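Participant: Below: one structure in C-alpha cells.
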Amino acid sequence: MEKMIDIHAHILPGIDDGAADIGEALHMARMAADSGVTAIAATPHCNIPGSNGNYAGREYRELFRRVAGAAEQAEIPIQILPGAEVFATWDLPELLRDGKILTLNGSRYLLVEFAFDEDPGFAGDVLDRIRAMNLVPVIAHAERYEFVREIPGILQEWREKHYPIQVNKGSFHGRFGRRARAAAEYMMKERLVSVIASDAHGSYQRTPCMKDTYQMLQENYPEKYLQVIFEENPRRILKNQKLIRCMPKQKLQERTGGRECEVFQRA
C-alpha cells in the first residue's frame with residue numbers, strides 16, 4: 010500500500026468539534042501514522058457564522074505549534090501542516106484579502122465547505138470569486154451537499170473549471186448515509202475525485218485512519234488512480250503544485266490517447 014497524505018483533519022484541540030484536548034490530538038496523529046499517513050493538514054472549521062471563527066492569527070499559530078511540537082517530541086512519524094476548512098460566506102473574498110483566512114500549508118489551495126443545503130448559484134459565485142483571486146478552491150466533502158446530489162452536472166462544471174473535489178473516506182463506509190455513499194461511488198467511477206481525505210474529528214468516531222478505505226477501494230479501482238487521490242494530489246496541493254486529473258475508462262482513448270492520467274492545464 011502506498012503512503013498517504015491527509016489534507017482535511019480536525020486535529021487541533023478545543024477550537025471546534027474535533028479533538029477535545031492535546032491527548033486526543035496526539036492519539037489521532039498516532040492513528041493516522043499507523044495507518045500509513047505521512048502528513049496531515051490541521052484544518053479546523055473557520056468562518057462559520059455565529060460559531061467557529063478560527064481566523065489566521067496568534068491563537069491558531071500558538072496552538073498549531075503546540076500540537077506539532079508535541080507530536081515531534083512524542084516521536085510520531087507524521088508531519089502536521091497548517092490549514093483550515095473555510096465556510097463559504099459572501100464576504101469570504103474580502104476576508105482572504107485581509108489575510109484572515111489560512112490556505113492549505115500556505116499554498117494557493119483553499120479548502121472550502123458549504124452549508125449542506127446551500128443554493129447552487131451562491132456556491133458557484135463564491136467559487137468563481139475565489140478563483141478570480143488566483144486561488145484554487147478545493148471543495149470539501151462534495152458528496153454530502155444536497156445540490157450536488159440533485160444536480161450532478163455541477164461536478165462536470167467543476168472539473169472543467171479545475172476545481173479539485175475532495176471526498177470523505179467515511180462516505181464509502183456509509184458514515185453519512187446512503188445518498189452520500191452513492192454520490193461518492195459515482196464520483197469515483199467518473200474519475201471526478203481529486204482527493205480522498207479523512208475529515209477526522211476524533212480518535213473514536215470519524216478517525217484519521219485511512220488504510221481500511223484504501224484497501225476497500227482497491228477491490229474496484231486501479232492502483233494508479235488510488236495513488237493519485239490518496240497521496241499524489243494531496244502532496245501536490247500542500248506543495249502548491251498542479252494536480253493530476255484522471256479520466257473515466259471510456260474517455261481515455263479519445264481524450265488522452267490511452268494514458269490513464271493527464272495534468273491539469275491550470276491549478
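Quick note: the sequence shown uses this note's numbering, first residue 10, plus one each step. For each residue, glycine too, the CB sits at the ideal point set by N, CA and C. Since this is a predicted model, take the numbers as computed values, not measurements.
Measuring CB to CB, does ILE174 end up less than 8 Å from SER203?
Facilitator: On the sequence shown, residue 174 is found 165 positions in, with the first residue counted as 1. On the sequence shown, residue 203 is found 194 positions in, with the first residue counted as 1. Their beta carbons are under 8 Å apart, which means ILE174 touches SER203 by this criterion.
Participant: Beta carbon of ILE49, beta carbon of ILE85: below 8 Å?
Facilitator: Here residue 49 is taken as the residue at index 40 of the sequence shown, counted from 1. Here residue 85 is taken as the residue at index 76 of the sequence shown, counted from 1. No. Outside cutoff.
Participant: Buried or exposed: where does HIS17 fall if 16 or more other Cβ atoms within 10 Å of its Cβ makes it buried?
Facilitator: For the purposes of this step, residue 17 is identified with residue 8 of the sequence shown, where counting begins at 1. Buried: at least 16 other Cβ atoms inside 10 Å.
Participant: Give the single residue among TYR195, GLY108, GLN82 whose Cα lies nearest to the Cα of ASN63.
Facilitator: Working through the sequence shown from its first residue, we reach residue 63 at position 54. Of the candidates TYR195, GLY108, GLN82, the one whose C-alpha sits nearest the C-alpha of ASN63 is GLY108.
Participant: According to DSSP, simplified to helix, strand and coil, what is GLU228?
Facilitator: Counting from one through the sequence shown, the residue named residue 228 turns up at place 219. The three-state secondary structure of GLU228, taken from DSSP, is coil.
Participant: Taking 8 Å as the threshold (C-beta atoms), are GLY45 and LYS251 in contact?
Facilitator: For the purposes of this step, residue 251 is taken as residue 242 along the sequence shown, with counting starting at 1. For the purposes of this step, residue 45 is taken as residue 36 along the sequence shown, with counting starting at 1. In this structure, GLY45 does not lie closer than 8 Å to LYS251 by Cβ.
Participant: With H, G and I counted as helix, E and B as strand and the rest as coil, what does DSSP make of ARG275?
Facilitator: Counting from 1 along the sequence shown, the entry for residue 275 is found at position 266. Since pLDDT at ARG275 reaches only 39, below the 50 mark, its modelled position is unreliable, and the value read off the structure follows with that caveat. If DSSP states are grouped into helix, strand and coil, ARG275 belongs with coil.
Participant: Is GLN9 helix, strand or coil by DSSP?
Facilitator: Residue 9 cannot be examined here, being either before or after the span of the chain that is shown, 10 to 276.
Participant: State the CB to CB distance for the pair VAL176 and ILE139, rounded to an integer number of angstroms; the pair is presumed to be in contact (CB under 8 Å).
Facilitator: In the sequence shown, residue 176 corresponds to position 167, counting from 1. In the sequence shown, residue 139 corresponds to position 130, counting from 1. Actually they are not in contact, since the Cβ atoms of VAL176 and ILE139 sit about 20 Å apart, beyond 8 Å.
Participant: Count the other CB atoms, across all protein chains shown, that sit within 10 Å of the CB of ILE160; report buried if there are 16 or more and exposed otherwise.
Facilitator: For this step, residue 160 is matched to residue 151 along the sequence shown. Exposed, by the Cβ-count rule.
Participant: With a 10 Å radius around its C-beta and 16 neighbouring C-beta atoms as the bar for buried, classify TRP99 as buried or exposed.
Facilitator: In the sequence shown, the residue the question calls residue 99 occupies position 90. Classification for TRP99: exposed.
Participant: Are the region 67-82 and the region 114-122 in contact at 8 Å, needing three or more beta carbon pairs?
Facilitator: no
Participant: For GLN7, does the three-state DSSP call read helix, strand or coil?
Facilitator: The chain is shown from 10 up to 276; residue 7 falls before or after that span and cannot be answered.
Participant: Give every residue of the same chain whose Cβ lies closer than 6 Å to the Cβ of LEU13, excluding the five residues on either side of it in the sequence, and list them in chain order.
Facilitator: Position 4 of the sequence shown, counted from the first residue, corresponds to residue 13. For clarity, residue 13 is Met in the given sequence; the question names Leu instead. Correct list, in chain order: GLY45, VAL46, MET219, PHE239, GLU240.
Participant: Just to confirm, is the Cβ distance from GLY78 to PRO53 under 8 Å?
Facilitator: Locating residue 78 in the sequence shown gives position 69, where the first residue counts as 1. Locating residue 53 in the sequence shown gives position 44, where the first residue counts as 1. No, these two residues do not count as a Cβ contact at 8 Å.
Participant: Return the bridge partner residues of PRO146 from the DSSP annotation.
Facilitator: Here the question's residue 146 lines up with position 137 in the sequence shown. According to DSSP, which records beta bridges pairwise, PRO146 is partnered with LEU119.
Participant: For GLU94, write down the residues that DSSP places opposite it in a beta bridge.
Facilitator: In the sequence shown, counting from the first residue as 1, residue 94 sits at position 85. Residue pairing by DSSP places GLU94 opposite HIS54, LEU120 in a beta bridge.
Participant: Quick one: Cα of MET256 to Cα of ARG67, how far?
Facilitator: Numbered from 1 along the sequence shown, position 247 holds the residue referred to as residue 256. Numbered from 1 along the sequence shown, position 58 holds the residue referred to as residue 67. Roughly 42 Å between the two C-alpha positions.
Participant: Nearest to LEU105 by alpha carbon, out of GLY133, ALA151, ALA80, VAL145?
Facilitator: Your numbering for residue 105 matches position 96 in the sequence shown. Considering only alpha carbons, the answer is VAL145.
Participant: Going along the chain, which residues of its own chain have a beta-carbon closer than 8 Å to the beta-carbon of LEU119, five neighbours each way excluded?
Facilitator: For the purposes of this step, residue 119 is taken as the residue at position 110 of the sequence shown. Here the set comprises VAL95, LEU105, ILE110, THR112, LEU113, ILE139, LEU144, VAL145, PRO146, VAL147.
Participant: 8 Å is my cut-off, CB to CB: does MET256 come that close to chain C?
Facilitator: Annotation note: the requested chain C is absent from the structure, which comprises a single protein chain.
Participant: From what residue to what residue does the beta strand (DSSP E) around HIS17 run?
Facilitator: Taking the first residue of the sequence shown as position 1, residue 17 is located at position 8. Segment 13-18, the beta strand (DSSP E) holding HIS17.
Participant: Which residues does DSSP list as the beta-bridge partners of ILE49?
Facilitator: For the purposes of this step, residue 49 is identified with residue 40 of the sequence shown, where counting begins at 1. According to DSSP, ILE49 bridges with ASP15, ILE89.
Participant: Any idea if GLU228 is buried or exposed, counting beta-carbon neighbours within 10 angstroms, 16 or more meaning buried?
Facilitator: Mapped onto the sequence shown, residue 228 falls at position 219. By the neighbour-count rule (16 or more Cβ atoms within 10 Å), GLU228 is not buried but exposed.
Participant: Ignoring anything shorter than 3 residues or poking outside the region 157-202, list the beta strand (DSSP E) runs there in chain order.
Facilitator: 175-177
Participant: Tell me which same chain residues have a C-beta within less than 8 Å of the C-beta of ASP25, skipping the five on either side of it?
Facilitator: Working through the sequence shown from its first residue, we reach residue 25 at position 16. The answer, listed in chain order, is HIS19, PRO53, HIS54, ASN61, ASN63.
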